[in-house]
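*Asks:* Below are the structure tokens for one structure; questions will follow.
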Amino acid sequence: MRNRTKMLILTVAALVFCGLYLFEGLNGSYDYALPRRGIKVVAMALTGVAIAYSTVIFQTITHNRILTPSIMGLDSLYILLQTVLIFFLGSTHVTIVNKQVNFVLSVGAMVIFALLLYQFLFKAGKRPIYFLLLVGIIVGTFFQSISTFLQVLIDPNEFLRVQDKSFASFNNINGDLVWWALGILIITLIIGWRKFNELDVLSLGRDTAINLGVNHDKIVKTMLILSSVLIAVSTALVGPITFFGLIVANLSYQFFKTYKHSILIAGASVMSIIALVGGQWIVERVFTFSTTLSVIINFVGGAYFIYLLLKESRSA
Amino acid sequence: MIQVRELTKAYGNKAVVEKVSVDIHPGKITSFIGPNGAGKSTLLSMVSRLLDADTGEVLVDNNNVKKMKSNEFSKRVSILKQSNFMNVRLTIRELVSFGRFPHSKGRLQADDIQIVNQALDYMDLMSMQHMYLEELSGGQRQRAFIAMVIAQDTDYILLDEPLNNLDMKHSVQIMKILRRLVNELGKTVVIVLHDINFASVYSDRIVALKEGRVVKDGPTNDIINSESLREIYDMDIPIQQMNNCRICVYFNS
């Protein structure tokens, strides 16, 4: 019952921020400003839900609360792809300028990369999931190094374009892409929804989950793929927000104190919406664009990450 | 009956379990004993499909385990491992309710709740059902996990060293409960034990393993004698009869 009250309060807060963002200072500009603000709110909400959802399921199947799917090298692959495109084709090439083409390329590359990684690892016998994480981190670092190398060689103006692509931004989002991303998000939610009960069991550990009749390997594989697709979509839409998933997932664990994934995921999603829409509102109207939301998120998230690490090491 | 046929598991060139064939008789407590590294836990993990065997097969009531659906299997056989690390905060009642998952898929019905209550009662946990697992002592925790397995309500219950880290009082308590499960509810219990005296006093049958092979398999009375134990442990162990129990005095042999 008390969790229901908490969820209600969060939902109201999220709606208030959405309303504030949409209508505050609109000055009757219903035809021009409202649709533009509307599409941004939808984009922020779906990015928030995608990141929250993918982080919670990823942390459950990997039995940890600190690593997030971005660590599997997806963020660095995205930056590498943008860098390579700009390096070889130039920042005026269709793959950079046309956002639809860029979106499809990015999502495709990230999903194929994730599938290859899992396929390779699952085919090569049953390796522990930590092996997968380790390979992900190493490959991610490798991608980052190549990106840095290319960025050093690149023309300074082109480098600015790479920089622009490397930080999450909600300020110029393509309307069509938002609807595509929303479609993908809804499909992943439909696939994942019926598995939430099995995820609850999975948080008891592999052996207990198998004992209780959960097909462990199958659900881990499904969930890894789902979380990669979600991260790929949100990164391709707005750019990488490294620490965001970590914050909302852990806040949700602390706030709701339950093992039920239906509540944890919904809670983390609503918190994401509050953080993104509320944060963007503050950035736009209070700081009047003197900073960007992803800077604030990475600052707060980084501090929280250090706090979690210290807390874990104390309890260990 | 669980029939184990020629199970083999090797890591690299080293076979941990080699061509093991054993029958688990229904309505009995069967203990797996043997020195460290004999392959007892590995064998139990393969029987309960936590670990894939390299070759060989396991039949549960004449059904091949590999061909059974995971959920179907979990209604017949339950397994409890030694370490039960988990990431979440659960109360005893929530943990025991998870035992109903194979039947209810997470949506507890009235009869599920009744079975959970019975399991809590059986393990004498009703009064502390709302306590969190991390607040419990080792013995209470172990009882909570056994209550979960009881709620799972399977014919076969496999336990991997359930007495680890328990003191004498709690060890005896757990073994008595297992005995009751067999006598009163007709369950079949398979248990990996380190202390041969618990095996001697409480089990109906003993399977002794050594270096991945079965060296002895039979009723307890046929195994608990000095010759057999020498073969299993390479030790001369005198046996003392006390109150109808055969006690192996291995401390100074």
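Chains as they are written, first to last, in my numbering: chain A, 1 to 316; chain B, 1 to 253. Even glycine gets a Cβ: it sits at the ideal position worked out from N, Cα and C. In this text, all values refer to a predicted model and were calculated from it rather than measured experimentally.
1. May I have the straight-line CA-CA distance separating valine 16 (chain A) from leucine 26 (chain A), to the nearest angstrom?
2. In the DSSP assignment, find the beta strand (DSSP E) that holds proline 219 (chain B) and state where it starts and stops.
3. Hey, could you find the ends of the alpha helix (DSSP H) lysine 165 (chain A) is sitting in?
4. Can you have a look at phenylalanine 142 (chain A) and say buried or exposed, based on whether 16 or more other CB atoms are within 10 angstroms of its CB?
5. Pull out every residue of the segment 65-78 of chain B whose Cβ sits closer than 9 Å to any Cβ of chain A, in chain order.
6. Nearest chain B C-beta to aspartate 176 (chain A) closer than 8 Å, yes or no?
7. Could you name the residues of chain A that leucine 90 (chain B) contacts, counting a contact when the two beta carbons are closer than 7 Å?
8. What's the C-alpha gap between isoleucine 224 (chain B) and asparagine 164 (chain B)?
9. Would you kindly work out how many angstroms separate the C-alpha atoms of valine 111 (chain A) and valine 229 (chain A), rounded to a whole number?
10. Let me know the beta strand (DSSP E) ranges lying completely inside the segment 160-210 of chain B, each 3 residues or longer, listed in chain order.
11. State the Cα-Cα distance for the pair phenylalanine 101 (chain B) and lysine 67 (chain B), rounded to the nearest angstrom.
12. Identify, in the order they occur along the chain, each residue of the same chain with its Cβ nearer than 8 Å to the Cβ of alanine 144 (chain B), setting aside the five sequence neighbours on each side.
13. What in chain A is Cβ-close to glycine 138 (chain B), meaning under 7 Å?
14. For alanine 14 (chain A), tell me which candidate among A:Trp179, A:Ile274, A:Met44 and A:Val286 has the shortest Cα-Cα distance.
15. From the beta carbon of proline 162 (chain B), is the nearest beta carbon of chain A less than 8 Å away?
16. Would you say glycine 279 (chain A) lies against chain B (beta-carbon separation less than 8 Å)?
17. State the start and end residues of the unbroken beta strand (DSSP E) segment that holds glycine 48 (chain A).
18. Mind checking which residues open and close the alpha helix (DSSP H) that includes alanine 119 (chain B)?
19. Do isoleucine 231 (chain A) and serine 106 (chain A) come within 8 Å of each other at the CB atom, strictly closer than that value?
20. Could you check how far apart the C-beta atoms of aspartate 169 (chain B) and glycine 34 (chain B) are, in whole angstroms? I think they sit under 8 Å.
21. Taking Cβ-Cβ distances shorter than 7 Å, what residues in chain A pair up with glycine 218 (chain B)?
22. Please name the residue, chosen from A:Ala114, A:Gly90 and A:Phe131, that lies closest to proline 156 (chain A) on a Cα-to-Cα basis.
23. Return yes when the C-beta of serine 104 (chain B) is under 7 Å from any heavy atom of the ligand MG, and no when it is not.
24. Taking only the alpha-carbon atoms, compute the straight-line gap between cysteine 248 (chain B) and asparagine 197 (chain B) and give it to the nearest angstrom.
25. Output, in chain order, the set of chain B residues within a Cβ distance shorter than 7 Å of serine 252 (chain A).
26. Cα separation between valine 49 (chain A) and leucine 251 (chain A)?
27. If we ignore side chains and look at the alpha-carbon of each, how far apart do leucine 43 (chain B) and valine 172 (chain B) end up?
28. For a contact meaning CB atoms closer than 9 Å, what does glycine 12 (chain B) contact in chain A?
29. Going by Cα to Cα distance, which pick from B:Val116, B:Tyr202 and B:Val215 is closest to asparagine 221 (chain B)?
30. What is the DSSP secondary structure of valine 300 (chain A), reduced to helix, strand or coil?
31. Under 8 Å between the Cβ atoms of leucine 189 (chain A) and valine 233 (chain A)?
32. Nearest by alpha-carbon distance to leucine 181 (chain B): which of B:Gly27, B:Val192 and B:Ser253 is it?
33. Counting Cβ pairs, one atom from each stretch, are 3 or more of them under 8 Å apart for the segment 68-82 of chain A and the segment 207-214 of chain A?
34. Within its chain, find whatever has a CB closer than 7 Å to the CB of arginine 271 (chain B); leave out the 5 residues flanking it on each side and keep chain order.
35. Output the boundary residues of the alpha helix (DSSP H) element that contains methionine 7 (chain A).
36. Using the beta-carbon of each residue, which ones in chain B are nearer than 9 Å to glycine 245 (chain A)?
*Replies:* Taking the structure as given:
1. When rounded, the distance between both Cα atoms is 15 Å.
2. 213-219 is the span of the beta strand (DSSP E), which, as asked, contains proline 219 (chain B).
3. First-last of the alpha helix (DSSP H) with lysine 165 (chain A): 156-166.
4. Its Cβ having fewer than 16 others within 10 Å, phenylalanine 142 (chain A) is exposed.
5. For the segment 65-78 of chain B, which is checked against every Cβ of chain A, the residues closer than 9 Å are Lys69, Ser70, Asn71, Glu72, Phe73, Ser74, Lys75, Val77 and Ser78.
6. Contact of aspartate 176 (chain A) with chain B is not assigned, every C-beta pair being separated by 8 Å or more.
7. Chain A residues near leucine 90 (chain B): Tyr259.
8. Approximately 22 Å, taken between the alpha carbons.
9. One C-alpha to the other measures close to 6 Å.
10. Listed in chain order, the complete beta strand (DSSP E) runs (minimum 3 residues) inside the segment 160-210 of chain B are 188-192 and 205-210.
11. When rounded, the distance between both Cα atoms is 21 Å.
12. Closer than 8 Å at Cβ, skipping near neighbours: Ile92, Leu95, Val96, Met123, Leu125, Leu133 and Leu136.
13. Correct list: empty, because the minimum Cβ distance to chain A is about 17 Å.
14. The residue with the shortest Cα to Cα distance from alanine 14 (chain A) is A:Ile274.
15. No, no contact with chain A.
16. For glycine 279 (chain A), the closest Cβ of chain B is not nearer than 8 Å.
17. DSSP places glycine 48 (chain A) in no beta strand (DSSP E) but in the uninterrupted alpha helix (DSSP H) bounded by 33-61.
18. Per DSSP, alanine 119 (chain B) is one residue of the alpha helix (DSSP H) stretching across 110-122.
19. Taking C-beta atoms as the reference points, serine 106 (chain A) and isoleucine 231 (chain A) fail to come closer than 8 Å.
20. The residue asked about is misnamed: residue 169 (chain B) is lysine in this sequence, not aspartate. The pair is not a contact, with the Cβ atoms about 26 Å apart (cut-off 8 Å).
21. Residues of chain A whose Cβ lies closer than 7 Å to the Cβ of glycine 218 (chain B) do not exist, since the nearest Cβ in that chain is about 29 Å away.
22. Measuring from the Cα of proline 156 (chain A), the nearest candidate turns out to be A:Gly90.
23. In the structure shown, the ligand MG is absent, as is every other ligand, since no ligand is present at all.
24. Approximately 6 Å, taken between the alpha carbons.
25. The contacting residues do not exist; serine 252 (chain A) stays about 13 Å from chain B at best.
26. If I take the Cα positions, the gap works out to 14 Å.
27. Across the structure, leucine 43 (chain B) and valine 172 (chain B) are spaced so that their CA atoms are roughly 25 Å apart.
28. Going along chain A, no residue has its Cβ under 9 Å from glycine 12 (chain B), so there is no contact; the nearest lies around 12 Å.
29. Among B:Val116, B:Tyr202 and B:Val215, the Cα nearest to that of asparagine 221 (chain B) is on B:Tyr202.
30. Correct three-state label for valine 300 (chain A): helix.
31. Cβ distance not < 8 Å, so leucine 189 (chain A) and valine 233 (chain A) don't count as in contact.
32. For the residues B:Gly27, B:Val192 and B:Ser253, the minimum Cα distance to leucine 181 (chain B) belongs to B:Gly27.
33. As far as the Cβ criterion goes, the segment 68-82 of chain A does not touch the segment 207-214 of chain A, which means the pair count is below three.
34. Outside the displayed range of chain B (1 to 253) lies residue 271 (chain B), so it cannot be described from this structure.
35. Here the alpha helix (DSSP H) through methionine 7 (chain A) covers 2-23.
36. Around glycine 245 (chain A), no beta-carbon contact reaches into chain B at under 9 Å, the shortest distance being about 17 Å.
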